[in-house]
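Colleague:
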Amino acid sequence: MMASSYSAKEEDGHHSGSAGLGDTAIRTRKPDNTAFKQQRLPAWQPILTAGTVLPAFFVIGLIFIPIGICLYVTSNNIKEFEIDYTGTDMSSPCFNCSINHSWNNTTPCKCVLAFSLDQPFESNVFMYYGLSNFYQNHRRYVKSRDDSQLNGDGGSLKEPSKECEPYRTSENRPIAPCGAIANSMFNDTLELYYIDPNGTRNPIPLTKKGIAWWTDKHVKFRNPGSSNPNLTAVFQDTAKPINWGKPVYELDTDSENNGFINEDFIVWMRTAALPTFRKLYRIIQKKNSMTPTLPRGNYTLEVTYNYPVRSFDGRKRVILSTISWMGGKNPFLGIAYITVGSICFFLGVVLLFIHHKYGNRNNSSDIPN
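Under UniProt numbering, the first residue of the sequence shown is numbered 1, with each subsequent residue one higher.
1. What would DSSP say about ARG315, mapped onto helix, strand or coil?
2. Since ILE266 is in the alpha helix (DSSP H), which residue starts that stretch and which ends it?
3. Which runs of the beta strand (DSSP E) spanning at least 3 residues fall entirely within the stretch 51 to 122, listed in chain order?
4. Alpha carbons only, please: which of GLY359, GLY341, ARG317 and GLY328 is nearest the one belonging to ASN133?
5. Which same chain residues end up closer than 7 Å to ILE204 when comparing Cβ atoms and leaving out the 5 residues on each side of it in sequence?
6. Taking just the CA atoms, how far does VAL142 sit from PRO163?
7. Are the beta-carbon atoms belonging to LYS287 and ASN257 less than 8 Å from one another?
8. Between which two residues does the alpha helix (DSSP H) harbouring SER148 extend?
9. According to DSSP, is ALA239 part of a helix, a strand, or is it coil?
10. Enumerate in chain order the residues of its own chain whose CB-to-CB distance from ASP147 is below 8 Å, with the five nearest sequence positions on each side excluded.
11. Given a threshold of 16 other Cβ atoms within 10 Å of its Cβ, counted over all protein chains shown, does TRP44 qualify as buried or as exposed?
12. Count the other CB atoms, across all protein chains shown, that sit within 10 Å of the CB of VAL267; report buried if there are 16 or more and exposed otherwise.
13. Would you mind reading off the limits of the beta strand (DSSP E) that contains LYS279?
14. How is the beta strand (DSSP E) around SER132 delimited, first residue to last?
15. Between HIS356, SER342, PRO160 and LEU117, which has its C-alpha nearest ARG296's C-alpha?
16. Assess contact between the stretch 339 to 350 and the stretch 83 to 92, defined as three or more Cβ pairs (one per stretch) separated by less than 8 Å. Is contact present?
17. With a 10 Å radius around its C-beta and 16 neighbouring C-beta atoms as the bar for buried, classify HIS101 as buried or exposed.
18. If distances are taken between C-alpha atoms only, which option among PRO275, GLN236 and ASN223 comes closest to GLY259?
19. Under 8 Å Cβ to Cβ from ILE335, same chain only, skipping five residues before and after it: list those, please.
20. TYR307 and ILE242 - do their beta-carbons sit closer together than 8 Å?
21. What residue range is occupied by the uninterrupted alpha helix (DSSP H) comprising VAL219?
22. Check whether the Cβ atoms of GLU122 and PRO292 sit closer than 8 Å, and answer yes or no.
23. With a 10 Å radius around its C-beta and 16 neighbouring C-beta atoms as the bar for buried, classify TYR135 as buried or exposed.
24. State whether the stretch 323 to 332 contacts the stretch 50 to 60, with contact taken as three or more CB pairs (one from each stretch) at a distance under 8 Å.
This is how it looks when you write it as structure tokens:
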């Protein structure tokens, strides 16, 4: 009678015998006999009980509701005023401009809109332009740009990416900046005036620097030939975008805000996720703590109407807004916190009632056959 012995290696498929030419290793698909591969690691499986679930619902409710109220009150304290100047109505001062203007129209059309503020704007005021029914999130539109060209690469300046088609070349010259995003850049000019009690129009100073993200201004966008301050020579042998009225090196007289580093251009190139959006246009700085930035009274908005929106049934508007520590006016976040907190607190009350009424019953009763 032969004796047999057990070996862990044999179980794992590693058969060992006496050394010889005929011995071969037996391989199987069985995982190794380890705690990890055989799923023998220690695990913790939480058991949900009334003592753990109910406090969690009440704690979430008691935390979320005050936070939501704080966010909602803060958002409501932000002052905002909106003016629609699309000009679709015949009574609108911009009606004639809206029906007669197109991309190829080089003659500027101006319209003046009067409005009044019922309450003063105390802190810094941010001036936005808003567009509706403009889908900047379209896949081909978002891809229609050349980031290497915008970053100052000389090779991409002369040979733009094929993603920019059909706005890659014009008259056998490369377009700078190329692509559909740059070609559709917002180009209305907005000027704000305060009408004092004597009827005098006082222009409101608008700051055009500091409206773009710091990383965009100093990292993502650079002018080619940084050692050459003459942008006219740098952009020689390039063409302006088809819908632009002037080349990129004439966007501003300030060399720190001209070319690819023009902040109006940088703001537009950051595409919006939704078809109705707003983008920062100017900042109205607060002069001193004694007088409000925009006092209560009458104002006029003078618009140089260049940007057509009738072709895609869009609308244009100007928004004057203050900000807070949470940003601009947005009541949704506060409402969301209040809603989630209220639901959790309500569920906690319901589950507490159910537990109090049915939780003490004897669950070990006999089950009939």
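Quick reminder that beta carbons are idealized off the backbone N, C-alpha and C, glycines included. From a predicted model like this one, the values you see are computed outputs, not experimental measurements.
Modeller: On the basis of the data shown:
1. Taking the first residue of the sequence shown as position 1, residue 315 is located at position 315. Here ARG315 sits in strand by DSSP.
2. As a working note, residue 266 is residue 266 in the sequence shown. From DSSP, the alpha helix (DSSP H) with ILE266 extends over 263 to 269.
3. You should have 80 to 84 and 109 to 117.
4. Residue 133 sits at position 133 when you count from the first residue of the sequence shown. Distance from the Cα of ASN133 is smallest, within the candidate group GLY359, GLY341, ARG317 and GLY328, for ARG317.
5. Locating residue 204 in the sequence shown gives position 204, counting from the first residue. Hits under 7 Å: LEU192, TYR193, TYR194 and ILE284.
6. As a position in the sequence shown, residue 163 is number 163, starting the count at 1. As a position in the sequence shown, residue 142 is number 142, starting the count at 1. Rather than Pro, the amino acid found at residue 163 in this sequence is Glu. When rounded, the distance between both Cα atoms is 10 Å.
7. If you number the sequence shown from 1, residue 287 lands on position 287. If you number the sequence shown from 1, residue 257 lands on position 257. It is not a contact, given that the beta carbons lie outside the stated cut-off.
8. Translated into the one-based positions of the sequence shown, residue 148 becomes position 148. 147 to 150 is the span of the alpha helix (DSSP H), which, as asked, contains SER148.
9. If you number the sequence shown from 1, residue 239 lands on position 239. Here ALA239 carries a strand assignment [DSSP, helix/strand/coil].
10. As a first step, residue 147 must be located in the sequence shown, where it is residue number 147. Exclusion of the five residues before and after ASP147 leaves LYS220 as the residues of its chain whose Cβ lies within less than 8 Å of its Cβ.
11. In the sequence shown, counting from the first residue as 1, residue 44 sits at position 44. Its Cβ having fewer than 16 others within 10 Å, TRP44 is exposed.
12. Taking the first residue of the sequence shown as 1, we reach residue 267 at position 267. The residue in question, VAL267, is buried, as its Cβ has 16 or more Cβ neighbours within 10 Å.
13. In the sequence shown, counting from the first residue as 1, residue 279 sits at position 279. Here the beta strand (DSSP E) through LYS279 covers 277 to 284.
14. Here residue 132 corresponds to residue number 132 of the sequence shown, with the count starting at 1. SER132 -> beta strand (DSSP E) spans 125 to 132.
15. Numbered from its first residue, the sequence shown carries residue 296 at position 296. Of the candidates HIS356, SER342, PRO160 and LEU117, the one whose C-alpha sits nearest the C-alpha of ARG296 is LEU117.
16. Under the 8 Å Cβ criterion, the stretch 339 to 350 does not count as touching the stretch 83 to 92, having fewer than three qualifying pairs.
17. The residue labelled residue 101 in the question sits at position 101 within the sequence shown. It is buried - the Cβ of HIS101 has at least 16 other Cβ atoms within 10 Å.
18. Counting from one through the sequence shown, the residue named residue 259 turns up at place 259. That would be ASN223, whose Cα lies nearest to the Cα of GLY259.
19. Sequence index remark: in the sequence shown, residue 335 carries index 335 (1-based). Only GLY68 and TYR72 meet the Cβ criterion.
20. Taking the first residue of the sequence shown as position 1, residue 242 is located at position 242. Taking the first residue of the sequence shown as position 1, residue 307 is located at position 307. Contact flag unset, no.
21. Your numbering for residue 219 matches position 219 in the sequence shown. Run containing VAL219: none; DSSP gives neither H nor E here.
22. In the sequence shown, the residue the question calls residue 122 occupies position 122. In the sequence shown, the residue the question calls residue 292 occupies position 292. It is a contact, given that the beta carbons lie within the stated cut-off.
23. As a first step, residue 135 is located in the sequence shown; it is residue number 135 there, counting from the start. Under this definition TYR135 is an exposed residue.
24. Short answer: they don't touch.
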